[in-house]
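Below is one structure; the comments refer to it alone.
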Amino acid sequence: MSGVSLSAERAWDVLAGVMDPEVPVLSVCDLGIVREVEVADDELLVVVTPTYSGCPATEVIEASIREALLAAGAARVRVETRLAPAWTTDWIGPEAQEKLRLHGIAPPGPCAPPGQAVVRFHPSCPRCRSRRTERLSEFGATACKALHRCLDCLEPFEAMKAI
Amino acid sequence: MHNHVEYLLRLADTPLILGQRLSELCGHGPVLEEDIALTNIALDLIGQARLLLTHAGHLEGKGRDEDQLAFLRTEGQFRNATLVELPNGDFGQVMLRNFLSSVYQEHLYSALQSSIDPELVAIAAKSLKETRYHRRHAGDWVVRLGDGTAESHGRMQAALGMLWPYTRELFAGDAVDAAVAAEGIGIAPGSLEAGWRREVAAVLEEATLCIPEDTPFLSQGRRGRHSEHLGHLLAEMQFLQRAHPGATW
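Heads up: the sequence lines are chains A and B, in that order.
Taking my numbering, the leading residue of the first sequence gets 809, the next gets one more, and so forth.
Taking my numbering, the leading residue of the second sequence gets 11, the next gets one more, and so forth.
And the structure:
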C-alpha cells in the first residue's frame with residue numbers, strides 16, 4: 809500500500825459497512841455517529857459523535873472504525889470524538905428507520921425540542937404495524953431502546969427512544 | 011483555574027457516586043425491567059461523570075485522567091452531594107432519590123447551556139437528554155408508589171422524610187460557586203431552587219406525598235465533608251486500583 813491513503817469518498821463507503829454492535833442492521837453512518845471524514849497527508853481523520861454517555865458500545869465502535877479503514881488500505885487513522893452538537897435520533901434517516909423496522913425494532917419518534925418535556929410517543933408495532941401499543945418498560949436491553957407490546961398481535965417489541 | 015477545576019469535580023462526583031450506588035442494584039431489581047433500567051441509568055451517570063472528570067483532569071494540567079480522579083482520590087477529596095452517597099434503602103427510596111436528583115440535574119444542565127466553557131456546555135447538552143428519561147422514569151414510580159397501597163404510600167412518605175433534609179445542600183452555594191458563577195463558568199446553586207421546588211412539589215402532590223418541613227440541617231458533601239457512608243462505598247469502588255495499582259484489562 810506504500811502509505812497511500814484512502815479517499816474520503818472511499819472511506820465513507822467502507823464506514824457504511826461498519827455495523828453497530830448492538831443494532832447490527834444499522835451502520836455507524838446510518839446512526840449518524842460518523843460526522844466527518846477528512847484526509848490530511850497520509851492520515852484519515854474520522855470525527856464521531858457518541859450516542860449515550862454510558863453506551864458500552866462506544867469504544868467497540870471506534871475500534872471497528874479504525875480496523876475497517878486500516879483493512880481497506882488507510883495508512884493511518886485517527887478517530888476524534890466530538891460532543892457538540894449532541895447526538896440525536898433525528899440523525900437516523902428514513903432508510904435506516906425502515907431497516908430498524910424490518911429488524912423488529914420500532915424507529916424513534918421525533919425529538920422534543922430543548923426545554924420541552926419528552927413526548928410520550930406510542931410507536932406502531934414493527935410486525936403488524938398496529939398503532940395500538942403500550943409501553944412495558946422505559947429501558948430495554950440497551951440504553952437506546954425501550955420495551956413495548958402490541959395490543960393487537962400481542963408481540964412484545966423494542967423501540968428506539970427519541971433523544 | 012482552581013475554582014473551575016473544583017466546580018467540575020462537584021459536577022462530576024454527584025453522578026459518579028449515584029452511578030456507583032445504582033450499580034449495587036445490578037441483579038437485585040424487583041423485576042427484570044427495573045433491574046435493566048437501574049443499570050442503564052447507572053451507565054449513563056458514570057458516562058457523564060467520565061466526561062466531566064476527563065475535562066477536570068485536562069484543565070488541572072497535572073496529568074490526572076478520569077480513572078485516577080475516580081479511583082485514587084480519598085474520601086475528603088470527593089465533592090458529591092451527600093444525598094447520593096446515602097445507602098440505597100428499598101426500591102421506593104431509590105426511585106425517590108433518583109427523582110429528586112434527576113429533577114435537579116435537569117435544571118442544572120439546562121442552566122449550564124449558558125456557560126462560557128464550551129466543553130462543559132457540550133457535556134451538559136448531551137447529559138440533559140439522558141437526564142430527562144431518568145426523571146420521567148423515576149417520577150412515574152414516585153407517583154405509582156406514593157399514590158399506591160397503604161404500605162407503599164407509608165414507605166414513600168418515610169423515604170421522603172429521610173431524604174428531604176439532604177436536598178438543602180443542593181442549593182447552598184459557597185465561595186467556589188460564587189466565583190465560577192461570576193466568571194460565567196458555573197451556576198449559583200441557589201438560582202435553581204425555585205424551579206426545582208415547583209416541579210418536585212407538583213409530582214409529590216400527584217403522588218399524595220407531603221413535603222416535610224425544612225430543617226436547619228445542612229450536609230456538606232460538595233465541600234468534601236461526607237457522611238460515614240462514602241468511605242464504605244469508595245472501599246468497594248476503588249478496591250481494584252488500590253490493590254493492583256495501574257491494573258488494566
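For glycine and all other residues, C-beta sits at the position ideal for the given N, C-alpha and C.
Segment limits, beta strand (DSSP E) that includes residue i
| i | result |
| --- | --- |
| His254 (chain B) | Neither: His254 (chain B) is in no beta strand (DSSP E) and is coded neither H nor E. |
| Ala848 (chain A) | Val842 to Ala848 |
| Arg909 (chain A) | No beta strand (DSSP E) contains Arg909 (chain A), which is instead part of the alpha helix (DSSP H) from Pro902 to Leu910. |
| Pro964 (chain A) | Pro964 to Met968 |
Member of the options whose CA lies at the smallest distance from the CA of residue i
| i | options | result |
| --- | --- | --- |
| Gly840 (chain A) | A:Ser815, A:Ala894 and A:Ala816 | A:Ala894 |
| Met166 (chain B) | B:Leu106, B:Pro222, B:Ala192 and B:Leu110 | B:Leu106 |
| Gln251 (chain B) | B:Ser162, B:Ile56 and B:Ala80 | B:Ala80 |
| Gly205 (chain B) | B:Leu228, B:Thr159 and B:Gln115 | B:Gln115 |
| Leu122 (chain B) | B:Val190, B:Gln248 and B:Ser33 | B:Val190 |
| His883 (chain A) | A:Leu908, A:Val831 and A:Ala848 | Here residue 883 (chain A) is Ala; the residue named in the question, His, does not match the sequence. Minimum Cα distance to Ala883 (chain A) is reached at A:Ala848. |
| Leu173 (chain B) | B:Ala59, B:Glu223, B:Gly57 and B:Ile51 | B:Glu223 |
| Gly171 (chain B) | B:Trp151, B:Leu110, B:Ala132 and B:Val131 | B:Leu110 |
| Leu244 (chain B) | B:Ser229, B:Gly39, B:Ala169 and B:Leu96 | B:Leu96 |
| Leu891 (chain A) | B:His117, B:Ala134, B:Ile56 and B:Gly156 | B:Ala134 |
| Thr896 (chain A) | A:Pro934, A:Cys863, A:His911 and A:Thr857 | A:Thr857 |
| Phe101 (chain B) | B:His239, B:Ser237 and B:Cys36 | B:Cys36 |
| Ile971 (chain A) | A:Thr941, A:Val822 and A:Ala920 | A:Ala920 |
| Gly71 (chain B) | B:Ala59, B:Leu48, B:Met11 and B:Ile51 | B:Met11 |
Counted within 10 angstroms of its Cβ, other Cβ atoms place residue i as buried (16 or more) or exposed
| i | result |
| --- | --- |
| Gly29 (chain B) | buried |
| Ser125 (chain B) | buried |
| Cys220 (chain B) | exposed |
| Arg31 (chain B) | buried |
| Met809 (chain A) | Interpretation of Met809 (chain A) is limited by its pLDDT of 45, a score under 50 that renders its predicted location unreliable; no figure is taken from the coordinates. |
| Asp187 (chain B) | buried |
| His14 (chain B) | buried |
| Phe88 (chain B) | buried |
| Asp260 (chain B) | The structure shown does not extend to residue 260 (chain B), since chain B spans only 11 to 259, so no value can be given for it. |
| Leu852 (chain A) | buried |
| Glu161 (chain B) | exposed |
Range covered by the alpha helix (DSSP H) that runs through residue i
| i | result |
| --- | --- |
| Pro128 (chain B) | Pro128 to Gly156 |
| Arg60 (chain B) | Leu42 to Glu70 |
| His956 (chain A) | From DSSP, His956 (chain A) is part of no alpha helix (DSSP H) but of the beta strand (DSSP E) over Lys953 to Cys958. |
| Leu878 (chain A) | Ala865 to Ala879 |
| Glu161 (chain B) | Ala160 to Thr177 |
| Val213 (chain B) | Glu203 to Glu216 |
| His14 (chain B) | His12 to Ser33 |
| Asp187 (chain B) | Ala185 to Glu193 |
| Phe264 (chain B) | Absent from the structure is residue 264 (chain B), since the part of chain B shown begins at 11 and ends at 259. |
Identity of the residues DSSP links to residue i by a beta bridge
| i | result |
| --- | --- |
| Phe101 (chain B) | DSSP output for Phe101 (chain B) lists no bridge partner at all. |
| Leu853 (chain A) | A:Glu846 and A:Arg886 |
| Arg943 (chain A) | A:His956 |
| Ser835 (chain A) | A:Met827 |
| Ala914 (chain A) | A:Ala967 |
| Gln230 (chain B) | B:Arg235 |
Check: residue i C-beta below 8 Å from any heavy atom of the ligand GTP
| i | result |
| --- | --- |
| Lys953 (chain A) | What this structure holds is no ligand at all, so the ligand GTP is not there to describe. |
**Message:** Taking contact to mean 3 or more Cβ pairs, one atom from each stretch, closer than 8 Å, check whether the stretch 934 to 949 of chain A and the stretch 141 to 150 of chain B are in contact.
**Reply:** Flag = yes, the stretch 934 to 949 of chain A and the stretch 141 to 150 of chain B touch.
**Prompt:** Are the stretch 133 to 142 of chain B and the stretch 66 to 86 of chain B in contact at 8 Å, needing three or more beta carbon pairs?
**Reply:** no
**Message:** Whether or not the stretch 867 to 886 of chain A and the stretch 959 to 966 of chain A are in contact is what I'm after, with contact meaning three or more pairs of Cβ atoms, one per stretch, closer than 8 Å; do they touch?
**Reply:** no
**Asked** For the stretch 11 to 29 of chain B against the stretch 45 to 65 of chain B, are there 3 or more C-beta pairs whose distance is under 8 Å?
**Response** yes
**the stretch 92 to 103 of chain B contacting the stretch 173 to 184 of chain B, beta-carbon criterion three pairs below 8 Å** = Counting C-beta pairs with one atom in each stretch, the stretch 92 to 103 of chain B and the stretch 173 to 184 of chain B have three or more that are closer than 8 Å, which means they touch.
**Asked** Do the stretch 829 to 843 of chain A and the stretch 894 to 908 of chain A meet, that is, are 3 or more Cβ pairs less than 8 Å apart?
**Response** yes
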